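All remarks here apply to the structure that follows.
There are 2 protein chains.
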Amino acid sequence: MIMLNKFIKIALSKAKKNSVDIPVCAVITKNNELIALKTNKREQNNDVSAHAEILALQEANKKLNNWRLDDCEMFVTLEPCPMCAWAIINARIKNLYFGSYDLKYGAFSCGLNLIKLANSKLSVFGGIEEEASNKLLDNYFKKLRS
Amino acid sequence: MIMLNKFIKIALSKAKKNSVDIPVCAVITKNNELIALKTNKREQNNDVSAHAEILALQEANKKLNNWRLDDCEMFVTLEPCPMCAWAIINARIKNLYFGSYDLKYGAFSCGLNLIKLANSKLSVFGGIEEEASNKLLDNYFKKLRS
């Protein structure tokens with residue numbers, strides 16, 4: 194059994210602790226065990242590529258000593274952007290589960306068809322713990338504006 | 194005057210020295226001065242995100258202490274993939290110049306319309322030193338097969 198809510202909940206609790214950057218957290222699992230967890234650090238690290246997903250992929254690559262993450266799954270609180278989606282596809286992640294939909298820049302919501310382009314077998318599941326994920330982002334942007 | 198051939202030629206000469214990975218090299222300039230140069234290291238680093246463009250963006254981010262690379266330009270020997278293209282767009286690179294077209298996975302050749310999606314002002318110019326760029330890749334794949 195894959196515990197979807199468990200890993201998204203872990204990601205949400207870690208994302209909340211990120212006060213500078215847009216709160217996003219990505220978890221990678223293998224055989225239902227957490228092998229990588231990273232939050233978005235673009236502002237903190239001054240690194241345009243330091244989205245939670247890229248950092249988590251790098252951590253998992255290091256841990257498994259392989260850029261191919263066969264049989265791994267990713268759980269992320271926000272729908273990945275095209276940069277992260279292409280990295281996830283290239284890493285051979287099997288299943289991707291995310292919380293909030295990103296209707297503006299989300300690689301899947303925007304109909305980019307990256308999976309077809311890459312001839313990838315990635316399965317994508319959106320809207321897990323969606324309400325809590327949306328609330329986390331809303332609170333961040335409300336605070337930013339005030 | 195922007196010396197297109199000069200920087201692509203520098204990138205080509207560095208890419209040639211890369212024997213493990215697919216030979217690709219990216220250069221970033223600001224005010225016509227080279228501020229970052231990186232080759233593809235996916236295999237060497239066992240890192241799915243370690244394309245030449247991502248590594249060069251990270252180096253330039255570090256050098257300028259900013260994830261926004263305003264007024265910077267990128268020169269790369271091969272057309273960027275969607276991962277790299279989205280990072281280039283997000284970094285606010287002004288002009289992108291590349292050598293070989295990637296008709297299979299190139300973010301621009303494949304008509305993904307990432308620039309429109311991001312409402313970006315990035316200008317893209319392909320086919321600079323195309324013959325030399327193509328030859329470099331052809332030689333690598335020929336050697337790989339034999």
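Quick note, the sequences are listed as chains E and Y, same order.
Everything in the first sequence is counted per the working numbering, starting at 194 for the first residue and increasing by one.
Everything in the second sequence is counted per the working numbering, starting at 194 for the first residue and increasing by one.
Glycine residues also receive a C-beta, built at the ideal position from the N, C-alpha and C atoms.
Bear in mind the structure is a predicted one, so any value in this text is a computation, not a measurement.
Buried versus exposed, by CB contacts within 10 Å (16 or more), residue i
i, result
"E:GLN237", "exposed"
"Y:LYS234", "buried"
"Y:LYS231", "buried"
"E:SER316", "exposed"
"Y:ASP240", "buried"
"E:LEU329", "buried"
"E:LEU296", "exposed"
"Y:LEU337", "exposed"
"E:PHE301", "buried"
"E:VAL213", "exposed"
"Y:ASN258", "exposed"
"Y:ASN254", "buried"
"E:ASN211", "buried"
Simplified DSSP assignment, three categories, for residue i
i, result
"Y:SER206", "helix"
"E:PHE200", "helix"
"E:SER316", "strand"
"E:SER339", "coil"
"Y:TYR294", "coil"
"E:LEU310", "helix"
"E:LEU330", "helix"
Cβ separation of residue i and residue j, assumed to be a contact under 8 Å, to the nearest whole Å
i, j, result
"E:GLU351", "E:ILE286", "Since the first and last residues shown for chain E are 194 and 339, residue 351 of chain E lies out of range."
"E:CYS277", "E:ILE247", "6 Å"
"E:SER326", "E:GLY292", "3 Å"
"Y:ALA229", "Y:LYS256", "7 Å"
"E:PHE268", "E:TYR294", "That belief does not hold up - the Cβ atoms of E:PHE268 and E:TYR294 are roughly 15 Å apart, past 8 Å."
"Y:ILE321", "Y:ILE201", "5 Å"
"E:GLN251", "Y:SER242", "6 Å"
"Y:PRO216", "Y:LYS209", "6 Å"
"E:ALA284", "E:LEU307", "Contact doesn't hold; Cβ gap of about 13 Å is too wide."
"E:LEU205", "E:THR270", "6 Å"
"Y:ALA249", "Y:ILE221", "5 Å"
"E:LEU305", "E:PRO275", "6 Å"
CB contact check: residue i to chain Y, cutoff 8 Å
i, result
"E:CYS218", "no"
"E:LEU271", "no"
"E:MET267", "no"
"E:ARG338", "no"
"E:ILE215", "no"
"E:SER212", "no"
"E:LEU310", "yes"
"E:ALA280", "yes"
"E:MET196", "no"
"E:LEU230", "no"
"E:ILE247", "yes"
"E:LEU205", "no"
"E:GLN237", "no"
"E:ASN254", "yes"
"E:LEU307", "yes"
Test: residue i CB closer than 8 Å to a CB of chain E
i, result
"Y:SER313", "no"
"Y:ASN288", "no"
"Y:VAL241", "yes"
"Y:ILE321", "no"
"Y:LEU330", "no"
"Y:LEU227", "no"
"Y:LEU250", "yes"
"Y:ASN259", "yes"
"Y:ALA284", "yes"
Minimum Cβ-Cβ distance from residue i to chain C less than 8 Å
i, result
"Y:LYS207", "Considering every chain present, this structure includes no chain C. Its protein chains are E and Y."
### Query
Unbroken beta strand (DSSP E) runs of length 3 or more, entirely within the region 200 to 287 of chain Y: which are they?
Correct list: 218 to 223, 226 to 232 and 265 to 271.
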